[in-house]
Amino acid sequence: MELHRLTIQQLAGELAKGQLSSRQATEHLFQRIERHDPAIHGYLELHQDAALAQADRIDKRRSKGETLGPLAGVPLAIKDNICISHGRTTCASKILGNFQAPYEAHVVQALNAADAVILGKTNLDEFAMGASTENSGFGVTRNPWNLQTVPGGSSGGSAAVVAADLAYAALGSDTGGSIRQPAAFCSVVGLKPTYGRVSRYGLVAFGSSLDQIGPIAKTIPDLALLLNIIAGHDRRDSTSADLEVGDYLANLDKPVKPLRIGVAGEYFQEGLDKEIAQAVRQALDFYASLGAEIVDISMPLNKYALAVYYIVATAEASSNLARYDGVRYGYRDKDPKDYIDMYYTSRAHGFGAEVKRRIMLGTYTLSAGYYDAYYLKALKVRTLIRQDFDKAFEQVDCIAGPVTPTPPFRLGEKIDDPLTLYLSDVYTVMANLTGLPAISIPCGFSSAGLPIGLQLTTKAFSEELLLRIARMFEQATDYHLQKPKLQS
Amino acid sequence: MPAKIDPDQVRRIARLARINLTTDELEQFAGQLSDILNYIDQLSELNTEGVEPTTHPLKISNVFRQDQIGQSLSNEQALANAPRTHGDFFAVPKVLE
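Residue numbers (numbering that gives the first Met the number 0), protein chains in the order written: chain C, 0 to 487; chain Y, 0 to 96.
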C-alpha cells in the first residue's frame with residue numbers, strides 16, 4: 000500500500016521495524032500536501048522545519064534503541080484553535096491573525112510526550128462557529144470527495160486532510176458537532192469524548208459548557224490510540240474530570256454482547272435525506288444481524304435541542320469573545336478616536352460576519368428583559384433533554400442515528416441563510432448539551448458518491464464501550480477503506 | 000415575547016457587544032436575527048415550571064487550590080502579542096483628556 004494510505008497503527012509498525020524512517024514518512028506527506036492541498040486548502044500553516052527536526056530526533060533515538068512513545072514519528076495535524084507554542088494560532092480569525100500562543104495546549108503536550116510529529120495547523124470556521132468551514136477568515140476548505148462541496152465544519156480542515164491522506168490523523172474540537180459532522184462529510188471517523196474527558200487547557204474557548212477536543216482518524220483503532228494519549232485529568236482545566244482512564248485499545252476488537260441499540264423515530268422525520276435514512280437503517284439491520292437488539296425509544300424533546308443549543312452556545316460565545324478588545328493581543332484598528340472607539344472598531348474589523356451574528360444573538364438573549372425568556376428557559380429545557388437521555392439509557396446501551404440531515408452541500412449554498420446552515424447541526428448538538436460521548440463512522444455513500452455518517456452515543460465516560468460498538472461495524476464493512484480520487 | 004427585532008434594536012445590541020456595524024449590517028442582522036429568534040421561540044411551547052436550569056452537562060463543582068506562587072508568563076511573553084506597548088505595560092489610547 001502507498002505510504003500515505005497507511006493507518007497510524009500500520010505506520011507505527013513499519014517505523015518500529017526500521018523499514019521506514021519518520022523523516023521519509025514526514026517528507027512524503029509534505030510533498031503530498033504541496034501537490035494536493037492548494038485545491039483542498041485544509042492547512043492554514045505548515046510547520047515543516049519543526050516537523051522534520053522532530054522526525055529526525057525520533058529516528059535518531061530509535062536508531063539508538065531508546066524506548067519511544069506510542070506515536071513515535073507519526074505525522075499529525077492540529078486544528079488551529081488549539082495552541083502550539085511555535086507558529087501562529089489564529090482560530091481562522093483576522094482578529095488573531097498574528098497571534099503566537101505563549102504556551103502549549105495540554106493535548107499538544109500529550110502528543111509531544113507520545114513522540115508524534117506535528118505537520119501544521121488546519122482550517123476551521125472562524126472561532127469554530129459554523130458547519131462548512133466557509134466562515135474561515137482565510138479562505139474555504141473544499142471536500143476532497145468533491146471539490147464543489149463543503150467538508151463540513153467547524154473542523155473541516157482536520158477532516159479533509161485526514162480524508163485526503165495529508166495527515167495520518169488530526170485533532171479537532173466539537174461544540175455542536177464540529178468533529179462529527181465534518182467526519183461524516185469526509186468519510187473518516189471522528190469522536191467527541193465526554194465533556195471533561197480531555198483537558199481543554201490551550202483550546203481557545205467558544206462555548207465553555209459545550210466545547211470538547213477529540214480525534215479525527217482513518218480507523219477506530221487509531222481513534223482509540225489517540226484517545227489513550229489525550230484523555231485524562233489535568234488540573235489546569237477545572238472542568239477536566241478526575242476519573243481513571245482505561246486502555247481504549249485493550250478490548251477494542253471484542254464485540255459487545257448483549258447489545259441494545261436505541262433508535263428514536265424522531266430522528267427519521269421530515270428534513271432527513273432519504274439516502275441517509277436508508278444508509279442508517281441498513282447499518283441498524285447490520286447490528287441486528289450481529290445479534291443486537293434494536294429498541295424503539297422516544298426522544299420527544301429532540302426538536303427543541305437546536306433552539307436550546309443556539310441560545311446556550313451564543314450566550315457563552317458572547318461572553319468568551321469579550322476578551323478580544325485589541326488591548327493585550329490580537330488585532331487593533333489603526334488610529335481609533337479614543338479608548339472606547341478602539342473596542343468598537345477593532346471588533347468590527349477583526350471579526351467576520353458569523354462571529355458578529357453569534358455575539359449579537361448571545362448578547363441579546365443575555366440582556367436585561369430577555370434573560371429569563373431565552374437564556375434561563377434554554378437552561379431548563381437543557382435539563383429536560385438530559386432527562387430524556389437518562390431515561391433512554393435505562394433501556395439501551397447505545398443510541399444510533401444519522402450525523403447530518405443532508406449529504407455534503409455545495410459551497411455557497413447556505414452561506415446567506417444562517418438559520419438553514421444551523422439546521423445542519425440538528426443531530427449533533429444533543430451530545431454537547433448533555434455532555435455525552437458520540438462518534439461518527441462512515442456508513443455509506445449517496446448516489447452522487449458523497450459520504451454518509453452513522454452516529455452512535457453512549458453514557459457519560461463510556462468511550463470504551465462506544466469505540467467497541469463502532470469497531471463492530473468497521474470490522475465488517477469497507478466504507479472506511481474507500482478513498483476520494485484526488486486530481487493532481 | 001417580541002418576535003422580531005428591528006435595525007434600531009440591533010444597533011442597541013451592537014453597542015452592548017462593543018461592535019460597530021454598518022447600515023447594511025444593521026439591516027441584514029435585523030432580518031437574520033429575527034428569523035433565528037422566531038425559530039428559537041418554539042421553546043415557549045414547553046412547560047418548564049419547577050425545572051432546575053442546567054449550566055453544565057455533568058455534575059462538577061468548584062476546584063480549589065492553595066494560593067501559592069507558581070510559574071507564570073514572563074513580562075516579555077505576556078506583552079509579546081500586544082498591539083502596542085510602553086515599557087513594561089500595554090499601551091492604549093488616552094482614557095482621560
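For glycine and all other residues, C-beta sits at the position ideal for the given N, C-alpha and C.
Tell whether a beta-carbon distance below 8 Å holds between residue i and residue j.
i, j, result
"proline 404 of chain C", "phenylalanine 184 of chain C", "no"
"histidine 40 of chain C", "asparagine 97 of chain C", "no"
"valine 498 of chain C", "glycine 452 of chain C", "In the structure as shown, chain C starts at 0 and stops at 487, and residue 498 of chain C therefore has no counterpart that could be examined."
"methionine 298 of chain C", "aspartate 371 of chain C", "no"
"tyrosine 421 of chain C", "glycine 400 of chain C", "no"
"alanine 71 of chain C", "isoleucine 57 of chain C", "yes"
"serine 461 of chain C", "glutamine 180 of chain C", "no"
"valine 187 of chain C", "valine 149 of chain C", "no"
"phenylalanine 89 of chain Y", "valine 326 of chain C", "yes"
"glycine 156 of chain C", "alanine 130 of chain C", "no"
"alanine 81 of chain Y", "proline 101 of chain C", "no"
"isoleucine 310 of chain C", "isoleucine 68 of chain Y", "no"
"isoleucine 94 of chain C", "glycine 349 of chain C", "yes"
"isoleucine 59 of chain Y", "threonine 132 of chain C", "no"
For residue i and residue j, what's the separation of their Cα atoms in angstroms?
i, j, result
"proline 445 of chain C", "glutamine 277 of chain C", "For the sequence presented, residue 445 of chain C should be read as serine rather than proline. About 10 Å."
"alanine 304 of chain C", "leucine 383 of chain C", "10 Å"
"alanine 291 of chain C", "proline 257 of chain C", "7 Å"
"arginine 331 of chain C", "arginine 357 of chain C", "21 Å"
"lysine 484 of chain C", "leucine 146 of chain C", "11 Å"
"aspartate 36 of chain C", "valine 9 of chain Y", "40 Å"
"glutamine 481 of chain C", "arginine 470 of chain C", "17 Å"
"serine 33 of chain Y", "isoleucine 438 of chain C", "33 Å"
"alanine 282 of chain C", "alanine 321 of chain C", "44 Å"
"serine 246 of chain C", "leucine 222 of chain C", "Per the sequence presented here, residue 246 of chain C reads as aspartate, with serine not at that position. Near 12 Å, if we compare the C-alpha coordinates of leucine 222 of chain C and aspartate 246 of chain C."
"aspartate 272 of chain C", "methionine 341 of chain C", "47 Å"
"glycine 136 of chain C", "leucine 45 of chain C", "17 Å"
"lysine 413 of chain C", "alanine 352 of chain C", "14 Å"
"asparagine 142 of chain C", "alanine 159 of chain C", "6 Å"
"valine 203 of chain C", "glutamate 48 of chain Y", "35 Å"
"arginine 11 of chain Y", "leucine 2 of chain C", "57 Å"
"valine 139 of chain C", "leucine 410 of chain C", "9 Å"
"aspartate 124 of chain C", "glycine 64 of chain C", "43 Å"
"glutamate 315 of chain C", "tyrosine 369 of chain C", "15 Å"
"leucine 67 of chain C", "alanine 113 of chain C", "8 Å"
"leucine 110 of chain C", "isoleucine 229 of chain C", "7 Å"
"glycine 448 of chain C", "leucine 375 of chain C", "43 Å"
"serine 154 of chain C", "leucine 95 of chain Y", "44 Å"
In this structure, what does DSSP give as the bridge partners for residue i?
i, result
"glutamate 44 of chain C", "C:Lys120"
"valine 197 of chain C", "C:Ala230"
"aspartate 173 of chain C", "C:Gln211"
"threonine 89 of chain C", "None, per the DSSP bridge assignment."
"cysteine 442 of chain C", "BP columns for cysteine 442 of chain C are empty, so no partner."
"threonine 66 of chain C", "BP columns for threonine 66 of chain C are empty, so no partner."
"proline 450 of chain C", "C:Phe444"
"arginine 491 of chain C", "This structure cannot speak to residue 491 of chain C, because chain C is shown only from 0 to 487."
"asparagine 142 of chain C", "C:Asn145"
Which word fits residue i, buried or exposed, when buried means at least 16 other C-beta atoms lie within 10 angstroms of its C-beta?
i, result
"threonine 344 of chain C", "buried"
"asparagine 37 of chain Y", "exposed"
"methionine 0 of chain C", "exposed"
"alanine 16 of chain Y", "buried"
"proline 1 of chain Y", "Confidence is the limiting factor: at proline 1 of chain Y the pLDDT is only 48, short of 50, which leaves the residue's position unreliable and the question unanswerable from this model."
"lysine 93 of chain Y", "exposed"
"leucine 105 of chain Y", "The requested residue 105 of chain Y does not occur in the structure, where chain Y is confined to residues 0 to 96."
"glutamine 53 of chain C", "buried"
"glutamate 473 of chain C", "buried"
"phenylalanine 126 of chain C", "buried"
"glutamine 31 of chain Y", "buried"
"isoleucine 468 of chain C", "buried"
"threonine 6 of chain C", "buried"
"phenylalanine 63 of chain Y", "exposed"
"alanine 475 of chain C", "exposed"
"asparagine 74 of chain Y", "exposed"
"threonine 54 of chain Y", "exposed"
"glutamine 454 of chain C", "buried"
Interfacial residues, the segment 30-60 of chain Y to chain C, with Cβ spacing under 7 Å: Gln31, Leu32, Asp34, Ile35, Tyr38, Ile39, Gln41, Leu42, Leu45, Thr47, Val50, Glu51, Pro52, Thr53, Thr54, His55, Pro56, Leu57, Ile59
Near-chain Y residues of the segment 346-359 of chain C (beta-carbon distance less than 9 Å), N- to C-terminal order: Arg346, Ala347, His348, Phe350, Ala352, Lys355, Arg356, Ile358, Met359
Short-range partners of chain Y found in the segment 371-393 of chain C, where Cβ spacing is below 8 Å: Ala372, Tyr373, Leu375, Lys376, Ala377, Leu378, Lys379, Val380, Arg381, Thr382, Leu383, Arg385
Residues, ordered as in the chain, of the segment 109-131 of chain C that lie near chain Y by beta-carbon distance below 8 Å: none
Chain-ordered residues of the segment 61-74 of chain Y with a beta carbon less than 8 Å from chain C: Asn61, Val62, Arg64, Leu72
Near-chain C residues of the segment 10-30 of chain Y (beta-carbon distance less than 9 Å), N- to C-terminal order: Arg11, Ile12, Ala13, Arg14, Leu15, Ala16, Arg17, Ile18, Asn19, Leu20, Thr21, Glu24, Gln27, Phe28
Residues of the segment 200-226 of chain C whose Cβ lies closer than 7 Å to any Cβ of chain Y, in chain order: Ser208
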